[in-house]
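Protein chains: 2
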Amino acid sequence: MDNETVETAEVAASEGSRRSRGAGGGASARRAARVQTGSGQKLAYIRRALPVYEVLDEAGAALIEANADIVLEEIGIEFRDDPEALAMWRAAGADVSGERVRFPKGLCRELLKTAPRSFVQHARNPENSVEIGGNATVFAPVYGPPFVRDLDGVRRYATIEDFRNFVKLAYMAPAIHHSGGTVCEPVDVAVNKRHLDMVHAHMTLSDKPFMGSVTAPERAEDTVAMCRILFGEEFVDQNCVVINLINANSPMTFDGTMLGALKVYARANQACIVTPFILAGAMSPVTVAGTLTQVLAEVLAGAAFTQLCRPGAPVVFGTFASSISMQSGAPTFGTPEPSLVSFGAAQLARRLGLPFRTGGSLCASKVPDAQAAYESANTLNSTLMAGTNFVLHAAGWLEGGLAACYEKFVMDCDQLGAMQALMRGVDLSENGQAMSAIREVGPGSHYLGCQHTQDNFQTAFYRSTIADNNSFEQWSAEGGQRAESRANTLCRRWLDAYAPPPLDPAIAEALAAFVARRKESEPDAFA
Amino acid sequence: MDNETVETAEVAASEGSRRSRGAGGGASARRAARVQTGSGQKLAYIRRALPVYEVLDEAGAALIEANADIVLEEIGIEFRDDPEALAMWRAAGADVSGERVRFPKGLCRELLKTAPRSFVQHARNPENSVEIGGNATVFAPVYGPPFVRDLDGVRRYATIEDFRNFVKLAYMAPAIHHSGGTVCEPVDVAVNKRHLDMVHAHMTLSDKPFMGSVTAPERAEDTVAMCRILFGEEFVDQNCVVINLINANSPMTFDGTMLGALKVYARANQACIVTPFILAGAMSPVTVAGTLTQVLAEVLAGAAFTQLCRPGAPVVFGTFASSISMQSGAPTFGTPEPSLVSFGAAQLARRLGLPFRTGGSLCASKVPDAQAAYESANTLNSTLMAGTNFVLHAAGWLEGGLAACYEKFVMDCDQLGAMQALMRGVDLSENGQAMSAIREVGPGSHYLGCQHTQDNFQTAFYRSTIADNNSFEQWSAEGGQRAESRANTLCRRWLDAYAPPPLDPAIAEALAAFVARRKESEPDAFA
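Just so you know, the protein sequences line up as chains A and B, in that order. Residue numbering for the first sequence follows this note's numbering, beginning at 54 and increasing consecutively. Residue numbering for the second sequence follows this note's numbering, beginning at 54 and increasing consecutively.
Following this line, the structure appears as structure tokens:
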């Protein structure tokens, strides 16, 4: 079964399950509402009922595409420390000079014709499988922080215990659809072995889909080997079971480490998110159009390379857009220019026919304060409006991604639930129109007690798990807590209530044995 | 000169001045960037270069319009305590029974054909005049709070000194285009006299456009009389110089107080914002479509009534959308359903051909914390994306509108500046495309020192006045402040730096004399 077939069959299945969970009313809607209380139940990934928001007109988008073609043809992209990649490009008809690859006009787009427009990433619990592409949106936690801000408000290096905690929290969070990858960097585990503990945690503590290791080709191989234990060898070869973050080393460079991991995953038919990691002004021009041009050129080259590795391998158009303070050089988040990049890149991805990743709940603040929230909300709103399919860093990101914050994780999850409700759009059913209520109540009265209100009481509005909507007096009497204090309480409650999803003991044993064997095979390395 | 002529001439003038201030590059762009540092200079109101976001398709919008027609025809709207209004409706062909007015299909839309699609509200400083309608967006401060959260973190009743402070802050804030109205309720001034002090403060402490008193017809008359002193009698009759908030008493009711003020302003050719004040679930059905239906019906009736008072009088389609917690009955903000109402109502206003008001920086939080910021950012993002023309409550709103918060005012202003930058859209000029930079830098290098970056250094990115983007170490060394502490410092600096705009001494004297005379004419009333 090729990817296209898998895609079609599975998308249809997802559609079906979504319909049965729809928010239109009745018992299923009440169930959907209950899970919003944050009780550890889950929501299916998002099927947007709302349109996407576009900032470029046809001429603007075509101009950026033409400029990206010029970059590919005249400037080219470097593929470093990977002679095999250069040979593959030469064989495909590119002009290779040293490590610089220049692409005849149209070559990358031609190669990308075999990439699926949308695909399913399977979870070991089939109810948690997600579509990536089309009108689907999937939320995944923060990726990469070496530090945590813990539940005692201490900022310190992250440990494997923190890692496991964030996997548990993502499993408990109703509006997180994906377990993510390096939810934090477990610096207490040897560098050459921590990928084993990380992948093992995702596989055993959660049953949501997850991401693989990309820090070395052999770690990617370990990830695929563990996937084969969990899902079966045949299934892994024919289906996407792990998605992987392949960053371009912008500007216009892919390094050997990322290329090595990309080759492993693409050849194993697993998904790569090819992502120019951009602090605009440093890794790309200081303008939105210039940044979009470079992003598109880098993605075209990197994504096309996945198809040289294995035609049909799933690949995502990724972008990570930030800008820098032109005074201090520090990265900034939640500002207007990266939002414009996200909107524009999403549009370019749709025109290219690839699923799209950007955004999340990004901020530069060191604490979960108003700055963190303004910036995160700005990023998340543009991420959703842009029509993003895969949202990494959707929860827990603090301090420019240097720290994973427990309290912010839980606050962000509440916002994700709100976004998921927003994306359902306007219910225009007879119940939604509510003409019976307007007739029943009439001028000068109120709707609190009317039949229609009673009937829709449970599902009418999104219920925040964090917001305090009480009067000042009541709020004061209850201790006058700030949002992050309430988040702290809820986070501790989630961790206390956590129980692992069931896993076949034979598989659990095989995974543990694999990890133990691989750990014994070489000495610890800490750099 | 009728409104249509005024509109056309003045819009052209605004366009011209905007172009000369455009952010495309050069000296004017550098000036624009400097004002973002919050130094008390100002930005012209927004001309959106980005499209609007719509959540209803043609069939959905038409369905809601048809339902609103049914409400108007079969249920009707009450016009209470105003026999004159009932007589006017009867004369216009409506079916009046008691205080209930039922409207033959199409009557309200027919009457609204004389209302301008867009109009200019003049400020005493012509540079600060604003267009309301079309692709313009105008930010005005919070309206109505009886309490303040002051710069010492104390929550207490508002005073006239607070009122004057917020007028000064709105004058200083670069991205606030309007002085607003009841920026807080000065409860230390007699109820029957405080409108005089409020209007006087707007007229003398600021030279931005402002709002008038609506709490009694005679207070509206005082406002118009003061406008005639400030602008000249003839000018006021022919131009909009004050805009006024006329709330419907939802569901489906206008009360005598609001109708009295509406009649004064419309007959004086001044603008009314007819706004159903909705806590959905209490004043409207619990559904988005039902709320939109009722909002449209109420606005159609109220806005059409302005045209009965004076054909051509400027009128704005207003909506204030919130929902209530179905558990406690408390109002909630920044949640998905009110965002959908804002998007939908903006669309209905465009279809009707009226300028649109909604949104702001709304929140339920009692402190300027993460809850306040998440909720405000969600509201503001949807407000802007919806294509709102007049944004009341754009800064300073806290605690469901019960308190005006100094720190949040300054934090919100920073967000407004970011939104204004966002609305400029993508610069696709040759400089914006930045191909020279991409060619100069090439693979594997960086853009920090390249010529293009140097040339665009000042204007490249929006500069936040509040965000701290430094490292954790530097932030800690500088005291580890939260966002609201930085806002506190900035707010004090603005108030210290405030100097009033020049005003013709003869006019100042005449205004003071009018206020004194009117204050002496009756005893103080405190309820």
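Each residue gets a CB set at the ideal place from its N, CA and C atoms; glycine is no exception.
Note to self: Could you tell me the alpha carbon to alpha carbon distance between residue 101 of chain A and residue 415 of chain A, rounded to whole angstroms?
What the structure shows: Position 48 of the first sequence, counted from the first residue, corresponds to residue 101 of chain A. Position 362 of the first sequence, counted from the first residue, corresponds to residue 415 of chain A. Their backbone Cα atoms lie some 22 Å apart in a straight line.
Check: Which residues, in order along the stretch 411 to 427 of chain B, keep a beta-carbon less than 9 Å from a beta-carbon of chain A?
Finding: 416, 417, 418, 419, 420, 421, 422, 423, 424, 425, 426 and 427
Checklist line | Interface flag, residue 319 of chain A vs chain B, CB-CB below 9 Å | finding: The sequence position of residue 319 of chain A within the first sequence is 266, counting from 1. Not one chain B Cβ lies under 9 Å of residue 319 of chain A.
Next item on the list: Starting from the C-beta of residue 390 of chain B, find all residues in its chain whose C-beta is less than 6 Å away, skip the five residues before and the five after it, and write them out in chain order.
Entry: Here residue 390 of chain B corresponds to residue number 337 of the second sequence, with the count starting at 1. Excluding positions up to five away in sequence, the list reads 341 and 376.
Next item on the list: With 9 Å as the threshold, decide whether the Cβ of residue 409 of chain B is near any Cβ in chain A.
Entry: Taking the second sequence and counting its residues from 1, the one referred to as residue 409 of chain B is at position 356. Residue contact check for residue 409 of chain B against chain A: no CB pair falls below 9 Å.
Note to self: Please give me, in chain order, every unbroken run of the alpha helix (DSSP H) with length at least 4 that falls completely inside the stretch 266 to 348 of chain A.
What the structure shows: 270 to 284, 286 to 291 and 309 to 320
Next item on the list: Could you tell me which of A:276, A:210, A:332 and A:425 sits nearest to residue 520 of chain B, measuring between CA atoms?
Entry: For the purposes of this step, residue 520 of chain B is identified with residue 467 of the second sequence, where counting begins at 1. Here the closest residue by C-alpha is A:425.
Check: Taking DSSP as the reference, what is the three-state secondary structure of residue 155 of chain B?
Finding: Locating residue 155 of chain B in the second sequence gives position 102, where the first residue counts as 1. Judged by DSSP in its simplified three-state form, residue 155 of chain B adopts strand.
Next item on the list: Starting from the Cα of residue 117 of chain A, find the closest Cα among B:487, B:202 and B:191 and give me that residue.
Entry: Locating residue 117 of chain A in the first sequence gives position 64, where the first residue counts as 1. Here the closest residue by C-alpha is B:487.
Notebook entry, point to check: Does the count of Cβ pairs from the stretch 344 to 354 of chain B and the stretch 114 to 132 of chain B closer than 8 Å reach three?
Noted result: Touching, per the Cβ criterion.
Notebook entry, point to check: Applying the criterion that 16 or more other CB atoms from any shown protein chain within 10 Å of the CB defines a buried residue, is residue 147 of chain A buried or exposed?
Noted result: Here residue 147 of chain A corresponds to residue number 94 of the first sequence, with the count starting at 1. Label assigned to residue 147 of chain A: buried.
Check: Is any beta-carbon of chain A found at less than 9 Å from that of residue 461 of chain B?
Finding: In the second sequence, counting from the first residue as 1, residue 461 of chain B sits at position 408. For residue 461 of chain B, the answer is yes, since a Cβ of chain A falls inside 9 Å of its Cβ.
Check: Between the Cα of residue 504 of chain A and the Cα atoms of B:279, B:555 and B:335, which residue gives the shortest distance?
Finding: Working through the first sequence from its first residue, we reach residue 504 of chain A at position 451. Nearest of B:279, B:555 and B:335 to residue 504 of chain A, Cα basis: B:335.
Item checked: Rounded straight-line distance, which links the Cα of residue 296 of chain B to that of residue 263 of chain B -> In the second sequence, counting from the first residue as 1, residue 263 of chain B sits at position 210. In the second sequence, counting from the first residue as 1, residue 296 of chain B sits at position 243. Spanning the two alpha carbons is a distance of roughly 7 Å.
Note to self: To the nearest angstrom, how far is the alpha carbon of residue 293 of chain B from that of residue 534 of chain B?
What the structure shows: Along the second sequence, read from residue 1 onward, the residue named residue 293 of chain B stands at position 240. Along the second sequence, read from residue 1 onward, the residue named residue 534 of chain B stands at position 481. Taking the straight line from one Cα to the other gives about 44 Å.
Notebook entry, point to check: residue 149 of chain B versus chain A: which residues are under 7 Å apart at the beta carbon?
Noted result: Here the question's residue 149 of chain B lines up with position 96 in the second sequence. None at all; the shortest Cβ gap to chain A is about 13 Å.
Check: Are three or more beta carbon pairs between the stretch 192 to 200 of chain B and the stretch 228 to 247 of chain B nearer than 8 Å?
Finding: yes
Next item on the list: Grab the span of the beta strand (DSSP E) containing residue 377 of chain A for me, first residue to last.
Entry: By one-based count along the first sequence, residue 377 of chain A stands at place 324. Taken as a continuous stretch (DSSP letters only), the beta strand (DSSP E) holding residue 377 of chain A covers 373 to 377.
Check: For the alpha helix (DSSP H) that contains residue 209 of chain A, what are its first and last residues?
Finding: Counted from its first residue, the first sequence places residue 209 of chain A at position 156. No alpha helix (DSSP H) holds residue 209 of chain A; the beta strand (DSSP E) holding it covers 208 to 210.
Check: So what does DSSP say about residue 384 of chain B, is it helix, strand or coil?
Finding: What you label residue 384 of chain B is simply residue 331 of the second sequence in a count that begins at 1. Strand at residue 384 of chain B.
Notebook entry, point to check: Given a threshold of 16 other Cβ atoms within 10 Å of its Cβ, counted over all protein chains shown, does residue 392 of chain B qualify as buried or as exposed?
Noted result: As a first step, residue 392 of chain B must be located in the second sequence, where it is residue number 339. Buried, because 16 or more other Cβ atoms sit within 10 Å of the Cβ of residue 392 of chain B.
Note to self: Is the separation between the beta-carbon of residue 387 of chain A and that of residue 430 of chain A shorter than 9 Å?
What the structure shows: In the first sequence, residue 387 of chain A corresponds to position 334, counting from 1. In the first sequence, residue 430 of chain A corresponds to position 377, counting from 1. It is a contact, given that the beta carbons lie within the stated cut-off.
Note to self: For a cutoff of 9 Å on Cβ pairs, would you count residue 344 of chain B as touching chain A?
What the structure shows: Residue 344 of chain B sits at position 291 when you count from the first residue of the second sequence. It does: the Cβ of residue 344 of chain B has a partner Cβ on chain A nearer than 9 Å.
Item checked: Interface residues of chain A facing residue 468 of chain B [CB-CB closer than 7 Å] -> The sequence position of residue 468 of chain B within the second sequence is 415, counting from 1. Correct list: 427.
Notebook entry, point to check: Leaving out five residues before and five after residue 368 of chain B in sequence, what residues of the same chain have Cβ atoms less than 7 Å from its Cβ?
Noted result: Taking the first residue of the second sequence as position 1, residue 368 of chain B is located at position 315. Cβ within range, chain order: 168, 324, 325, 327, 356, 359 and 407.
Next item on the list: Answer with yes or no whether the minimum CB distance from residue 500 of chain A to chain B is below 9 Å.
Entry: On the first sequence, residue 500 of chain A is found 447 positions in, with the first residue counted as 1. By this cut-off, residue 500 of chain A is an interface position.
Notebook entry, point to check: Counting only beta-carbon atoms, is residue 87 of chain A nearer than 9 Å to chain B?
Noted result: Within the first sequence, numbered from 1, the residue matching residue 87 of chain A stands at position 34. Its pLDDT being 36, under 50, residue 87 of chain A is placed unreliably in this model, and the value from its coordinates should be taken loosely. It does not; no Cβ of chain B falls within 9 Å.
Notebook entry, point to check: Using the beta-carbon count (16 or more within 10 Å), is residue 207 of chain B buried or exposed?
Noted result: Counted from its first residue, the second sequence places residue 207 of chain B at position 154. It counts as exposed.
Next item on the list: Could you work out which residue in B:400, B:252 and B:130 is closest to residue 111 of chain B when comparing CA atoms only?
Entry: The residue given as residue 111 of chain B occupies position 58 in the second sequence. Measuring from the Cα of residue 111 of chain B, the nearest candidate turns out to be B:400.
Notebook entry, point to check: Given residue 139 of chain B, which residues of its chain have a CB within under 8 Å of its CB, disregarding the five upstream and five downstream residues?
Noted result: Along the second sequence, read from residue 1 onward, the residue named residue 139 of chain B stands at position 86. For residue 139 of chain B, where only same-chain residues beyond five positions count, the Cβ hits under 8 Å are 132, 149, 152 and 154.
Margin query: Using only the alpha-carbon positions, how far apart do residue 580 of chain B and residue 308 of chain B sit?
Written below: Working through the second sequence from its first residue, we reach residue 580 of chain B at position 527. Working through the second sequence from its first residue, we reach residue 308 of chain B at position 255. Whole-angstrom Cα-Cα distance: 18 Å.
Item checked: Start-to-end residues for the beta strand (DSSP E) that takes in residue 190 of chain B -> Counting from one through the second sequence, the residue named residue 190 of chain B turns up at place 137. From DSSP, the beta strand (DSSP E) with residue 190 of chain B extends over 189 to 192.
Check: Is residue 264 of chain A helix, strand or coil when you go by DSSP?
Finding: For the purposes of this step, residue 264 of chain A is taken as residue 211 along the first sequence, with counting starting at 1. DSSP places residue 264 of chain A in strand when its eight states are reduced to three.
Check: Using a Cβ-Cβ distance under 9 Å, would residue 542 of chain A count as near chain B?
Finding: Indexing the first sequence from 1 puts residue 542 of chain A at position 489. Among the CB atoms of chain B, none fall inside 9 Å of the CB of residue 542 of chain A.
Next item on the list: Establish whether the CB of residue 197 of chain A and some CB of chain B are separated by less than 9 Å.
Entry: By one-based count along the first sequence, residue 197 of chain A stands at place 144. False, the Cβ-Cβ gap to chain B never drops below 9 Å.
Check: What are the partner residues of residue 458 of chain A, as DSSP defines its beta bridges?
Finding: Counting from 1 along the first sequence, the entry for residue 458 of chain A is found at position 405. BP columns for residue 458 of chain A point to A:202.
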